[in-house]
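Asks:
2 protein chains.
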Amino acid sequence: MSHDEPVNGVPRHRPTMRDVAALSGVSLKTVSRVVNFESGVSPDLIARVRSAAQILDFQPNLTASSLRRSDGKTKTIGLLLENVANPFSSALHRAIEIVARDRGVVVFAGSVDEDQTRERDLAAAFVARRVDGLIVVPAGHDQSYLATERRNGTPMVFVDRPPTLLDADAVLTANQVGSRDAVRHLISHGHRRIACVGDLASISTAAERLAGYVEALDRADIAKDPDLIRQGIRSSEAAQEAVRELLQLPDPPTAIFASQNLITIGAIRALRAASRHHQVALVGFDDVPLVDLLDPGITLVLQDVVGMGAAAAELLFRRLDGDDGPTERRIFDARLVPGGSGEIAGPWPTTNADRA
Amino acid sequence: MSHDEPVNGVPRHRPTMRDVAALSGVSLKTVSRVVNFESGVSPDLIARVRSAAQILDFQPNLTASSLRRSDGKTKTIGLLLENVANPFSSALHRAIEIVARDRGVVVFAGSVDEDQTRERDLAAAFVARRVDGLIVVPAGHDQSYLATERRNGTPMVFVDRPPTLLDADAVLTANQVGSRDAVRHLISHGHRRIACVGDLASISTAAERLAGYVEALDRADIAKDPDLIRQGIRSSEAAQEAVRELLQLPDPPTAIFASQNLITIGAIRALRAASRHHQVALVGFDDVPLVDLLDPGITLVLQDVVGMGAAAAELLFRRLDGDDGPTERRIFDARLVPGGSGEIAGPWPTTNADRA
DNA sequence: CTGAAAGCGCTTACAG
DNA sequence: CTGAAAGCGCTTACAG
């Protein structure tokens, strides 16, 4: 008796529709009808098939069915994040999952780690498994490698950063406006020597936030001091060191704009180490957990991460439902939330409104 | 001319091996050999096939190949987390991803949200897509629904909480020992009225941590006061309220053991609201971000989340590689990291060592 | 209402 | 070294 020979009608491998058909004495097609809730099967046969399926604990093979099915859908999407473990990425993941779950769609997630090779490899791995769509926080500056896939009809939505050399939907934050508001807030509290500490200028969000900083200074007729602009900061440790150096300048800044959450954390540590956290103002872009428990609380510019994730998923599913209108770009506002650190007064005159 | 008719040899649908074969003038089987780097194909044919594949931008369909392939592997695993957005879950996800990536395996991740129906549904969704293995942080108290799948040969590893009514590998934290050490630490600093604030007793980790609290009190001959034991706390808000109430007792606790990170956060807020954060000692189980920036810093019992994730993934892949030894249970120590809040002295005599 | 045949995109098991 | 036939587990397109 071979390994696959049935024992008491129970096969010795994972049961298939063939096994259910054999046990219930109907054709394969009838089993398929019952499993897929197609109408027009007699109650008697439905009962026999269900009973056999239960006895065998039959679980339909979705990958086989989507291979043959005319729509070809796998009920699977792929999510390329910066790093699944960082709070921005995981909040995005969560928001997308909730929308996907309602549609019976399951999510592949992976980290790109700001590495364009990983981005390509991960996208290829998802495509090889025939995901129905992709949601991408891109790392590289060339998404043309996705052009064929897009022509093949796979919808894709970019989040946080727009695609480059590829026409596709995107859900973004108004980084420049948010940053301009943050710096204007500092100016209105009497600051003119304001430092800007940011990530690599090659990352579009970092570039836009720097532009917002510059715009606010320009509007207030404040000269830009290159000593106060520190870019290319890649970790909270690097940010801590950068702020330490800033504080030791002959004419140090009275306020700091930290253009990303890891940088904000480094800035907080540096200010505390120098015991300047009650003297030097700080506004950070992006959320940082538990800052309301710090003294002073930290003033932050918050992105609507959950809204962006939900919007990206809804846009993706709209495309999957057949919407082939022109490429969309949804921009979400970032909102300044005073916490204490951004309201520390500077040595220059303060203004009533943030509209300095 | 039909939609699928080739135009200049380029098909108007996603290219398949058939298309590559037609364009390069070889058989389907030869294309398969080249794509899979099988040996024994003449250099001439390899070149022709590669060239055709590139012209068409051919991307092999991994789901089709795994359907036919004798090992049936999809190079995909499923990860059931409590909530992809919480730091414990996402750190676990990250550690698992790193191991999986080295093996060309891609990860489905989903949130179970402490809901056993979601747990079953999500596991079924992964199984329907024929994942090679499952890593599960279970919510429910009956994993027998996975028994057939396990008999079908799908390896599965449980993390943080052991499986119930199912024999399977597990990677766990020594919750009781870690909690006992935490409470002993408080006792050694002069505390005897120590509150324990914890999650639902039905969650195994919460039950073990309560047991550790009880064990430490028993060993020190301290009577257990039911007023000081608050279980079933499900959010940081509930924890804040519970601690607020504890502080208003006629004979309030001088120290608090918070058995989970959300609870620790609630406890911090309640102590600050009552201005008792420099008087009442606090030790929390699980990591809480940025607590080193608080005043006082918070003493925590830390789990080795990254180690646990890596161990779970490695165990899973070992099983996938054919290891069918007996079920394993790996226990990771939790380690107490003093931060300040746990070293606030209580009114009773202090002891030299934690070995009170 | 039911089922036999063909085929989704690939690999297996052979034959030459 | 190369390829024609069969089949993975399903659905499609028919026929009865």
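Quick mapping for you: the protein sequence lines, in order, are chains A and B. Under the numbering used here, the first residue of the first sequence carries the number 1102, and numbering increases by one thereafter. Under the numbering used here, the first residue of the second sequence carries the number 1102, and numbering increases by one thereafter. Think of the CB as a built atom: it goes at the ideal place given N, C-alpha and C, for glycine as much as any other residue. Small disclaimer: the values here were computed from a predicted structure and weren't measured.
1. Within the chosen definition, does the stretch 1317-1325 of chain A reach the stretch 1125-1134 of chain B through at least 3 CB pairs nearer than 8 Å?
2. Can you confirm whether Asp-1233/B, when its beta carbon is compared against all beta carbons of chain A, has any partner nearer than 8 Å?
3. Which two residues bound the contiguous beta strand (DSSP E) that contains Ala-1356/A?
4. Step through the CB atoms of chain A and report whether any lies within less than 8 Å of the CB of Gly-1440/B.
5. What does DSSP give as the partner residues of Asp-1270/A in its beta bridges?
6. Considering Ile-1147/A, what are the terminal residues of the alpha helix (DSSP H) in which it resides?
7. Determine the direct distance from the alpha carbon of Ala-1224/B to that of Ser-1442/B, and round the result to whole angstroms.
8. Are any of the Cβ atoms in chain A nearer than 8 Å to that of Val-1228/B?
9. For Asp-1270/A and Arg-1420/A, what's the separation of their Cα atoms in angstroms?
10. For Thr-1428/A, is the classification buried or exposed, using 16 other Cβ atoms within 10 angstroms of its Cβ as the cut-off for buried?
11. Quick test of your reading: Ile-1197/B and Val-1207/B, contact by CB under 8 Å. State the CB separation rounded to the nearest angstrom.
12. Using 8 Å for Cβ pairs, my map puts Pro-1439/B next to Ala-1229/A. What's the rounded Cβ distance?
13. Just checking: is the beta-carbon of Ile-1366/B within a distance shorter than 8 Å of some beta-carbon in chain A?
14. In chain order, what residues of the stretch 1386-1404 of chain B put their CB closer than 9 Å to some CB of chain A?
15. Which residues mark the beginning and the end of the alpha helix (DSSP H) in which Arg-1119/B is found?
16. Under a three-way DSSP split, which group does Val-1389/A fall into?
17. Out of Gln-1361/A, His-1379/A and Arg-1320/A, which has the shortest C-alpha to C-alpha gap to Arg-1331/A?
18. Taking Ser-1212/B as part of the beta strand (DSSP E), name the residues at either end of that continuous run.
19. Pull up the distance between the alpha-carbon of Ser-1367/A and that of His-1379/A, whole angstroms please.
20. Which residues in the same chain as Asp-1328/B place their Cβ atom closer than 7 Å to its Cβ, once the five residues preceding and following it in sequence are excluded?
21. In the DSSP output, which residue or residues are listed as bridge partners for Gly-1423/A?
22. Figure out for me which residue from Ala-1296/A, Ile-1364/A, Leu-1318/A and Arg-1377/A has the closest Cα to the Cα of Ala-1340/A.
23. Identify whether Ile-1288/B lies in helix, strand or coil by the three-state DSSP scheme.
24. Quick test of your reading: Leu-1311/A and Ala-1302/A, contact by CB under 8 Å. State the CB separation rounded to the nearest angstrom.
25. Name, please, each residue of chain B whose Cβ falls closer than 7 Å to the Cβ of Val-1185/A.
26. The alpha helix (DSSP H) spanning Phe-1227/B covers which residue range?
27. In whole angstroms, what separates the C-alpha of Ala-1073/A from that of Ser-1376/B?
28. Which residue wins for smallest C-alpha separation from Gln-1217/B, given the options Ser-1166/B, Tyr-1246/B, Ala-1435/B and Ile-1199/B?
29. In the DSSP assignment, the alpha helix (DSSP H) including Phe-1189/B goes from what residue to what residue?
30. Starting from the Cα of Ala-1414/B, find the closest Cα among Leu-1235/B, Leu-1394/B and Glu-1342/B and give me that residue.
31. Do Pro-1354/A and Ala-1412/A have their C-beta atoms closer together than 8 Å?
32. Within the 8 Å Cβ cut-off, does Ala-1371/A reach chain B?
33. Work out the CA separation of Ala-1201/A and Gly-1408/A for me, nearest whole Å.
34. Along the stretch 1132-1164 of chain B, what residues have a CB closer than 8 Å to any CB found in chain A?
35. Within 10 Å of its beta-carbon, does Glu-1460/A have 16 or more other beta-carbons around it, so buried, or fewer, so exposed?
36. Below 8 Å between beta carbons is the criterion; list the residues of the stretch 1339-1360 of chain A that meet it against any residue of chain B, in chain order.
Replies: Based on what the coordinates show:
1. Taking 8 Å as the limit for Cβ pairs, the verdict is that the stretch 1125-1134 of chain B does not touch the stretch 1317-1325 of chain A.
2. No - not a single Cβ of chain A is within 8 Å of the one on Asp-1233/B.
3. Residues 1356-1359.
4. Judged by the 8 Å Cβ criterion, Gly-1440/B is not in contact with chain A.
5. According to DSSP, which records beta bridges pairwise, Asp-1270/A is partnered with Val-1258/A.
6. Here the alpha helix (DSSP H) through Ile-1147/A covers 1144-1157.
7. So the two alpha carbons sit approximately 41 Å from each other.
8. By this cut-off, Val-1228/B is an interface position.
9. Here the alpha carbon of Asp-1270/A sits roughly 10 Å from the alpha carbon of Arg-1420/A.
10. Classification of Thr-1428/A: exposed, given that the 10 Å Cβ count is below 16.
11. In this structure Ile-1197/B is not in contact with Val-1207/B, their Cβ atoms being roughly 11 Å apart against a cut-off of 8 Å.
12. In this structure Pro-1439/B does not touch Ala-1229/A by the C-beta definition: roughly 49 Å separates them, more than the 8 Å allowed.
13. Cβ-Cβ to chain A under 8 Å: yes for Ile-1366/B.
14. Listed by position, the residues of the stretch 1386-1404 of chain B near chain A (Cβ gap below 9 Å) are Val-1389, Pro-1390, Leu-1391, Val-1392, Asp-1393, Leu-1394, Leu-1395 and Asp-1396.
15. Where Arg-1119/B is concerned, the enclosing alpha helix (DSSP H) stretches over 1118-1125.
16. Under the three-state reduction of DSSP, Val-1389/A is assigned to coil, being neither helix nor strand.
17. By alpha-carbon distance to Arg-1331/A, the top candidate from Gln-1361/A, His-1379/A and Arg-1320/A is Gln-1361/A.
18. According to the DSSP assignment, Ser-1212/B belongs to the beta strand (DSSP E) that extends over 1207-1212.
19. Correcting the residue identity first, residue 1367/A is Gly in this sequence and not Ser. Roughly 16 Å between the two C-alpha positions.
20. So the qualifying residues of the chain are Leu-1350.
21. BP columns for Gly-1423/A are empty, so no partner.
22. It is Ile-1364/A whose Cα lies nearest to the Cα of Ala-1340/A.
23. Under the three-state reduction of DSSP, Ile-1288/B is assigned to helix.
24. Between Ala-1302/A and Leu-1311/A the Cβ distance is about 7 Å, and since that is below 8 Å, they are a contact.
25. From the beta-carbon of Val-1185/A, the residues of chain B found nearer than 7 Å are Ser-1191, His-1194, Arg-1195 and Glu-1198.
26. Phe-1227/B -> alpha helix (DSSP H) spans 1217-1229.
27. Nothing about residue 1073/A can be reported from this structure: the residues present for chain A run from 1102 to 1457 only.
28. Of the candidates Ser-1166/B, Tyr-1246/B, Ala-1435/B and Ile-1199/B, the one whose C-alpha sits nearest the C-alpha of Gln-1217/B is Tyr-1246/B.
29. 1188-1202 is the span of the alpha helix (DSSP H), which, as asked, contains Phe-1189/B.
30. Selection Leu-1235/B, Leu-1394/B and Glu-1342/B evaluated against Ala-1414/B yields Leu-1235/B as nearest (Cα-Cα).
31. Contact flag unset, no.
32. Taking Cβ atoms only, chain B never reaches closer than 8 Å to Ala-1371/A, which makes this a no.
33. Each residue's Cα considered, the two are about 14 Å apart.
34. So the close ones are Asp-1158, Gln-1160, Pro-1161, Asn-1162, Leu-1163 and Thr-1164.
35. Any property of residue 1460/A remains undetermined from this structure, which presents chain A solely from 1102 to 1457.
36. In summary, no residue of the stretch 1339-1360 of chain A has a CB separated from any CB of chain B by less than 8 Å.
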